[in-house]
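The sequence shown begins at 1 in full-length UniProt numbering and counts up by one. Heads up, the thing below is written out as structure tokens.
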Amino acid sequence: MKLSARNQLQGKVVAIQKGATTSHVSIELAAGTVVMASITNEAVADLGLVVGQPATAVIKASDVMVGV
């Protein structure tokens, strides 16, 4: 997979919480940190996502917000 986004975090899917139209997909990284993405249910199906499989969280810098 070639992407221009440089923020790619390797891990494995540890949870998928499906809603009416979107799902929250949790990916556990090697250090034990969990990141969550909100994607469409259709994307979950198209990607064939299941708990336990390897996955990469790709973070587009323009979409990251930081608060204190």
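Ideal Cβ placement from N, Cα and C applies to all residues, glycine included.
Give the straight-line distance between the Cα atoms of residue i and residue j, rounded to the nearest whole angstrom.
i     : j     : result
THR33 : GLU42 : 26 angstroms
GLN10 : ALA31 : 10 angstroms
VAL14 : LEU29 : 10 angstroms
ALA37 : VAL58 : 9 angstroms
Kindly indicate which three-state DSSP category residue i falls into: helix, strand or coil?
i     : result
LEU29 : strand
ALA20 : coil
Could you tell me which residues DSSP puts in a beta bridge with residue i?
i     : result
GLN8  : VAL58
VAL34 : GLU28
ALA15 : SER26
Is it buried or exposed, residue i, if we count other Cβ atoms within 10 angstroms and call 16 or more buried?
i     : result
SER23 : buried
ALA45 : exposed
Among the options, which one has its Cα closest to the Cα of residue i?
i     : options               : result
ILE39 : GLY19, GLN53 and SER4 : GLY19
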